[in-house]
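S.K.: Quick note: the sequence shown uses the numbering used here, first residue -7, plus one each step. Note that beta-carbon positions come from the ideal geometry of N, C-alpha and C, so glycine has one too. Predicted, not measured: the structure shown is a model, and the values here were computed from it.
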Amino acid sequence: RAAMVLLDVVENPQARGLPAYREALYYLGDALFRIRNFRGAAGYLEELVRVGTGADRQQALGRLVEIALVTHNRAAAERHLSRAESLLNQAPEPGLLYAVGKYRYQLDQLDEAIRLFDLVPAQHALGMRARYFAAVVRVRRGQLAQAEPLFQDLVQKADQAKEAADKRVVD
């Protein structure tokens, strides 16, 4: 239902150029991503990369990297990553840090992955998942003493897990 309402905003020619248009593009792309319509989501997020502000671009690129990961489209991931690299050197958005960290993790670039996961603020919506992956990377590197406190912290914050993905992290 949200996607249908947001589509009305995005398709309204009078909305173009307004902040509500950019927000609608992101949330429409996000809604389509959540219902696994990756092609549709990518189209709206690509548009947001073209017309959005710096923060908008970061959010959209982060989600586009996630779409590329889910669809196993390495060429698309690399294309989005090259666009995101300059943004990561400025004031990076946590969603972009997380998405690029996951991509680096999948490529077995563990040093870079852990650096990016550690930069995601703990209080951010992706904070629990970033902490989990940071701990997993440490386990893969044999740094069990550094991983254990991260896992313990996640378990202690179980009551803060709101989204299904965060609950899976705690489990």
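Starting from the Cα of Phe155, find the closest Cα among His116, Glu58 and Arg75 and give me that residue.
M.R.: The sequence given here has Glu at residue 155, not Phe. Of the candidates His116, Glu58 and Arg75, His116 places its Cα closest to the Cα of Glu155.
S.K.: Is it buried or exposed for Pro141, if we count other Cβ within 10 angstroms and need 16 for buried?
M.R.: exposed
S.K.: Would Val129 and Ala105 qualify as a contact pair, given that the criterion is a beta-carbon distance under 8 angstroms?
M.R.: yes
S.K.: With H, G and I counted as helix, E and B as strand and the rest as coil, what does DSSP make of Gln138?
M.R.: helix
S.K.: Return helix, strand or coil for Ile27, following the three-state DSSP convention.
M.R.: coil
S.K.: Suppose you measure from the CA of Gly164 to the CA of Ile27; what does that come to, to the nearest Å?
M.R.: No statement about residue 164 is possible, as the shown extent of the chain runs from -7 to 163 and does not include it.
S.K.: Rounded to whole angstroms, what is the Cα-Cα separation between Ala52 and Gly87?
M.R.: 9 angstroms
S.K.: Excluding the five sequence neighbours on either side, which residues of its own chain have a C-beta within less than 6 angstroms of the C-beta of Lys159, listed in chain order?
M.R.: The beta carbon of Lys159 sits closer than 6 angstroms to those of Ala153, all from its chain and outside the five residues before and after it, given in chain order.
S.K.: Take Asn81 as the anchor and find which of Ala67, Leu108 and Arg55 has the nearest alpha-carbon.
M.R.: Leu108
S.K.: Buried or exposed, going by whether 16 or more other CB atoms sit within 10 Å of the CB of Asp48?
M.R.: buried
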